[in-house]
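Asker: The sequence shown runs 161 to 518 under the working numbering.
A virtual CB, placed ideally from N, CA and C, is assigned to each residue, including glycine.
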Amino acid sequence: MSHAQEVAARVTAERLDTFMRQALTRCGVDEPSTAAVSRALLTASRMGTDSHGLRLLPHYLRAVQGGRVNPRPGMVFSRRMPAIGYLDADDGFGHLAGYTAIDHAIAMADDTGLGAVAVGHSSHFGAAGCYPLEAARRGLIGMAVCNSDPFVRLHQGQGAFHGTNPFAFAAPVEGEPPYLLDMATSAIPWNRVQQYAAIDRELPADVAADAHGDVTTDPRQVRSLLPLGGAQFGFKGAGLAGVVEVLSSTLAGMLNGFRLLPMGGPDMSTPRGVGHFFLVMRPDAFTDRATYQASMRDYLDDLRAQPAQPGAEVLAPGDREWRCQARRDAEGIPLDPANLTAFERIAEELGLAPLTVR
161 MSHAQEVAAR
171 VTAERLDTFM
181 RQALTRCGVD
191 EPSTAAVSRA
201 LLTASRMGTD
211 SHGLRLLPHY
221 LRAVQGGRVN
231 PRPGMVFSRR
241 MPAIGYLDAD
251 DGFGHLAGYT
261 AIDHAIAMAD
271 DTGLGAVAVG
281 HSSHFGAAGC
291 YPLEAARRGL
301 IGMAVCNSDP
311 FVRLHQGQGA
321 FHGTNPFAFA
331 APVEGEPPYL
341 LDMATSAIPW
351 NRVQQYAAID
361 RELPADVAAD
371 AHGDVTTDPR
381 QVRSLLPLGG
391 AQFGFKGAGL
401 AGVVEVLSST
411 LAGMLNGFRL
421 LPMGGPDMST
431 PRGVGHFFLV
441 MRPDAFTDRA
451 TYQASMRDYL
461 DDLRAQPAQP
471 GAEVLAPGDR
481 EWRCQARRDA
491 EGIPLDPANL
501 TAFERIAEEL
511 GLAPLTVR
């Protein structure tokens, strides 16, 4: 979204929220699931994570219409030990599973200092950062990981094996928005490939491979992503993806990512059984809150004060997202031509008033 010619229109968060809720409700989705999906997509779009924001709504509608996602799940939480729980998501939306699980992890952390929740029988949960962010906003440290179907080749492998297997971490910072890291363990997320293909934009070098395992910058030729570290140092990303796999699918008793049905179909009727894992910690369970706050402040002050390369700026994780959020809250959330066309089609197919844009 960095090029002005790619923005076809802008929409306020309020209008986007209303439209998404109407579309989901029209497809039979219950209110808790509707609220969670809209909340997660808005969070991502406001922060500039366009690959995991509003552009995913058409996919989620197809998933629920096809029967892959349960529109009215009966999610069941079991507290297995004082700081450990398991959430059966009943094949519902991963966003509802994520917010539900992080709430349980927060409650256990308030009680014991730590809270960990494994989630099974779930689905795609959008941007991983949405969930630890909830912990950080309540003064706690949060972490979330999730497995996904194979998109990323192993280091020196030919085809896809791991999913993009995201890792997200958030920590509270006194007097300012949280420290927030949300990253795929692949060089880029798969949704970025789809986004760039939709706007006919070339990918950066050393992030994706074609059917032969050779590096390509053409999003239409991509058949797998490179792990974080690229062709030379991809063993790092592949190793991190494995850690995510163990924490998400293995602890939840779900299939590993290589065996999951593809997110994009063609089977949109069979539940996929995605696994998630969430961890929440109370900083004042380790050190007193004043010491934590001062140490966090010193760390970020030292980080941001470091000399930058010419024409660049040193940023802490989250700085770019919070700036983008402030700008988009003032100017509106951008839609590229493909987004605009997709939302017009949704309105027509579901008999909704068109999304009001400017």
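Please return the same chain residues whose Cβ sits closer than 6 Å to the Cβ of residue 550, not counting the five positions on each side in sequence.
Answerer: Since the displayed the chain opens at 161 and closes at 518, residue 550 lies outside it and no answer follows.
Asker: Measure the alpha-carbon distance for residue 453 versus residue 290 and round it to whole angstroms.
Answerer: To locate residue 453, count along the sequence shown from 1; it is residue 293. To locate residue 290, count along the sequence shown from 1; it is residue 130. Computed Cα separation, rounded: 22 Å.
Asker: If you run the structure through DSSP and keep just helix, strand and coil, what is residue 163?
Answerer: As a first step, residue 163 is located in the sequence shown; it is residue number 3 there, counting from the start. Because residue 163 sits at a pLDDT of 40, beneath the cut-off of 50, its placement in the model cannot be relied upon, and the point is left open.
Asker: Would you tell me roughly how many angstroms separate the C-alpha atoms of residue 163 and residue 260, rounded to the nearest one?
Answerer: Numbered from 1 along the sequence shown, position 3 holds the residue referred to as residue 163. Numbered from 1 along the sequence shown, position 100 holds the residue referred to as residue 260. Its pLDDT being 40, under 50, residue 163 is placed unreliably by the model, and the measurement read from it follows with that caveat. Straight-line measurement puts the Cα of residue 260 at about 37 Å from the Cα of residue 163.
Asker: Please state if the CB of residue 306 and the CB of residue 288 are separated by a distance shorter than 8 Å.
Answerer: Residue 288 sits at position 128 when you count from the first residue of the sequence shown. Residue 306 sits at position 146 when you count from the first residue of the sequence shown. Contact: yes.
Asker: When the Cα atoms are used, what is the spatial distance from residue 215 to residue 499?
Answerer: In the sequence shown, residue 215 corresponds to position 55, counting from 1. In the sequence shown, residue 499 corresponds to position 339, counting from 1. Approximately 6 Å, taken between the alpha carbons.
Asker: Hey, out of 222, 301 and 218, whose CA is closest to residue 440's CA?
Answerer: Residue numbering aside, residue 440 sits at position 280 when the sequence shown is read from its first letter. Considering only alpha carbons, the answer is 301.
Asker: So if DSSP puts residue 346 in a beta bridge, which residue, or which two residues, is it bridged to?
Answerer: As a working note, residue 346 is residue 186 in the sequence shown. DSSP, once it has assigned bridges, lists 387 as partnering residue 346.
Asker: Candidates 400, 281, 357 and 276: which alpha carbon is nearest residue 292's?
Answerer: As a first step, residue 292 must be located in the sequence shown, where it is residue number 132. With distances taken between Cα atoms, residue 292 lies closest to 276.
Asker: State the DSSP-derived secondary structure class of residue 329, mapped to helix, strand or coil.
Answerer: Counting from 1 along the sequence shown, the entry for residue 329 is found at position 169. Of the three classes helix, strand and coil, the one that applies to residue 329 here is strand, per DSSP.
Asker: Three or more beta-carbon pairs under 8 Å between the region 222-234 and the region 258-273, yes or no?
Answerer: no
Asker: Please state whether DSSP places residue 484 in a helix, a strand or coil.
Answerer: Along the sequence shown, one-based indexing puts residue 484 at 324. Residue state, collapsed to three classes: helix.
Asker: Please tell me whether residue 384 and residue 323 are closer than 8 Å, where the distance is taken between their beta carbons.
Answerer: For the purposes of this step, residue 384 is identified with residue 224 of the sequence shown, where counting begins at 1. For the purposes of this step, residue 323 is identified with residue 163 of the sequence shown, where counting begins at 1. The Cβ-Cβ distance between residue 384 and residue 323 does not fall below 8 Å.
Asker: Taking the beta carbon of residue 413 as the centre, do at least 16 other beta carbons fall within 10 Å, making it buried, or is it exposed?
Answerer: Taking the first residue of the sequence shown as 1, we reach residue 413 at position 253. By the neighbour-count rule (16 or more Cβ atoms within 10 Å), residue 413 is not buried but exposed.
Asker: Whole angstroms are fine: how far does the CA of residue 367 sit from the CA of residue 346?
Answerer: Here residue 346 is taken as the residue at index 186 of the sequence shown, counted from 1. Here residue 367 is taken as the residue at index 207 of the sequence shown, counted from 1. Distance from the CA of residue 346 to the CA of residue 367, rounded to the nearest whole angstrom, comes to 8 Å.
Asker: Buried or exposed: which applies to residue 213, given that a residue is buried once 16 or more other Cβ atoms fall within 10 Å of its Cβ?
Answerer: Indexing the sequence shown from 1 puts residue 213 at position 53. Residue 213 is buried by the Cβ-count criterion.
Asker: Restricting to Cα atoms, I'd like to know which of 433, 456, 226 and 210 is closest to residue 356.
Answerer: As a first step, residue 356 is located in the sequence shown; it is residue number 196 there, counting from the start. Minimum Cα distance to residue 356 is reached at 210.
Asker: What whole-angstrom Cβ distance do residue 197 and residue 284 have, given they're in contact under 8 Å?
Answerer: Taking the first residue of the sequence shown as position 1, residue 197 is located at position 37. Taking the first residue of the sequence shown as position 1, residue 284 is located at position 124. Actually they are not in contact, since the Cβ atoms of residue 197 and residue 284 sit about 10 Å apart, beyond 8 Å.
Asker: Within the continuous beta strand (DSSP E) that includes residue 160, where are the two ends?
Answerer: A query on residue 160 cannot be resolved here, the shown segment of the chain reaching from 161 to 518 and no further.
Asker: Going by alpha carbons, who is nearest to residue 502 out of 193, 222 and 208?
Answerer: Locating residue 502 in the sequence shown gives position 342, counting from the first residue. Checking every option, the nearest Cα to that of residue 502 belongs to 222.
Asker: Please classify residue 290: does DSSP put it in a helix, a strand, or coil?
Answerer: In the sequence shown, residue 290 corresponds to position 130, counting from 1. The answer is helix: DSSP assigns residue 290 an H, G or I state.
Asker: Quick check: the Cα distance between residue 187 and residue 419, rounded to an integer number of angstroms?
Answerer: To locate residue 187, count along the sequence shown from 1; it is residue 27. To locate residue 419, count along the sequence shown from 1; it is residue 259. The straight-line gap from Cα to Cα measures roughly 29 Å.
Asker: Using only the alpha-carbon positions, how far apart do residue 229 and residue 393 sit?
Answerer: Numbered from its first residue, the sequence shown carries residue 229 at position 69. Numbered from its first residue, the sequence shown carries residue 393 at position 233. Near 37 Å, if we compare the C-alpha coordinates of residue 393 and residue 229.
Asker: My assumption, with CB atoms under 8 Å, is that residue 517 sits in contact with residue 169. Please give the rounded CB distance.
Answerer: Here residue 517 refers to the residue found at position 357 of the sequence shown. Here residue 169 refers to the residue found at position 9 of the sequence shown. Their Cβ separation, rounded to whole angstroms, is 4 Å, which keeps residue 517 and residue 169 in contact under 8 Å.
Asker: Determine the DSSP secondary structure at residue 205, reduced to helix, strand or coil.
Answerer: As a first step, residue 205 must be located in the sequence shown, where it is residue number 45. Residue 205: helix per DSSP, three-state reduction.
Asker: In this structure, how does DSSP classify residue 248 when only helix, strand and coil are distinguished?
Answerer: The sequence position of residue 248 within the sequence shown is 88, counting from 1. It is a strand residue.
Asker: Return the first residue and the last residue of the alpha helix (DSSP H) that residue 440 is part of.
Answerer: Within the sequence shown, residue 440 is the residue found at index 280, counting from 1. For residue 440, there is no enclosing alpha helix (DSSP H); the residue is found in the beta strand (DSSP E) stretching over 434-441.
Asker: Is the beta carbon of residue 217 sitting closer than 8 Å to the one on residue 493?
Answerer: Numbered from its first residue, the sequence shown carries residue 217 at position 57. Numbered from its first residue, the sequence shown carries residue 493 at position 333. Result no, Cβ atoms of residue 217 and residue 493 do not sit closer than 8 Å.
Asker: Would you kindly work out how many angstroms separate the C-alpha atoms of residue 173 and residue 342, rounded to a whole number?
Answerer: What you label residue 173 is simply residue 13 of the sequence shown in a count that begins at 1. What you label residue 342 is simply residue 182 of the sequence shown in a count that begins at 1. Their Cα atoms are separated by approximately 21 Å.
Asker: Please report the residue range of the beta strand (DSSP E) in which residue 495 lies.
Answerer: Position 335 of the sequence shown, counted from the start, is the residue given in the question as residue 495. Element bounds for residue 495: 493-495.
Asker: Counting along the chain, where does the alpha helix (DSSP H) carrying residue 184 start and finish?
Answerer: Here residue 184 refers to the residue found at position 24 when the sequence shown is read from its first residue. Note, residue 184: alpha helix (DSSP H), 173-186.
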